[in-house]
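Residue numbers (our numbering): 4 to 192.
Virtual Cβ for every residue (Gly too), placed ideally from N, Cα, C.
Following: one structure in structure tokens, then a few remarks.
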């Protein structure tokens, strides 16, 4: 099995934070299916950019589990910061699954307070996610966690590749319409 890990990992292109994704998530999964057993493929398919729990087969002490718990805490902290700014109770929106992570709390607070531009804030958060993925990978370059972490990085790249600068004015208009609609609904309730 380990030979498969070496062959697969050695064949994958390097992912760079500011670079384009070399292929899609679906292509990566298809490629992995030739090397990895179905149980591991199920774990890879279950990974999400915005997780609410650990997928079956991922332990909390594994590098992938450590990252997922950190990501959940990061999102909980961001949700609490946004709720506080809106004068809302964040509790109903928080994922109760993960424990407090001081590093995720720090990253969320820094990004939220340092960046007023939402685009730059999201970029800073994804840079922190990338750094966290690098830090948990450590000596796990040629084991199953390496493929999980690779896929999580690929999801970050896909998110940024999907953003089309030419569509920005239309997206801004849509966001403004949604905000206006939400505001009217709040006033009516």
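Taking the Cα of residue 11 as reference, the smallest distance to any Cα among 21, 69, 24, 40 is reached at 40. According to the DSSP assignment, residue 54 belongs to no alpha helix (DSSP H), since it is labelled neither H nor E. Classified as buried, residue 104 has 16 or more neighbouring CB atoms from the shown chains inside 10 Å of its CB.
Relative to the Cα of residue 70, the nearest Cα in the group 165, 188, 155 belongs to 155.
Per DSSP, the continuous alpha helix (DSSP H) segment holding residue 147 begins and ends at 147-164. Note that the C-beta distance between residue 157 and residue 18 is below 8 angstroms. Per DSSP, the continuous alpha helix (DSSP H) segment holding residue 140 begins and ends at 121-140.
Around the beta carbon of residue 122, fewer than 16 other beta carbons lie within 10 angstroms, which makes this residue exposed.
DSSP, read as helix, strand or coil, puts residue 20 in coil.
Leaving aside the five residues that flank residue 53 on each side, the residues in its chain whose CB is nearer than 7 angstroms to its CB run, in chain order, 78. In this structure, residue 56 sits away from residue 108, with a CB-CB distance that is not shorter than 8 angstroms. Membership of residue 32 in the alpha helix (DSSP H) is indicated by the continuous run 28-36. Residue burial is scored here from C-beta neighbours: residue 160 has at least 16 other C-beta atoms within 10 angstroms and is therefore classed as buried. Counting along the chain, the unbroken alpha helix (DSSP H) around residue 74 starts and ends at 66-89.
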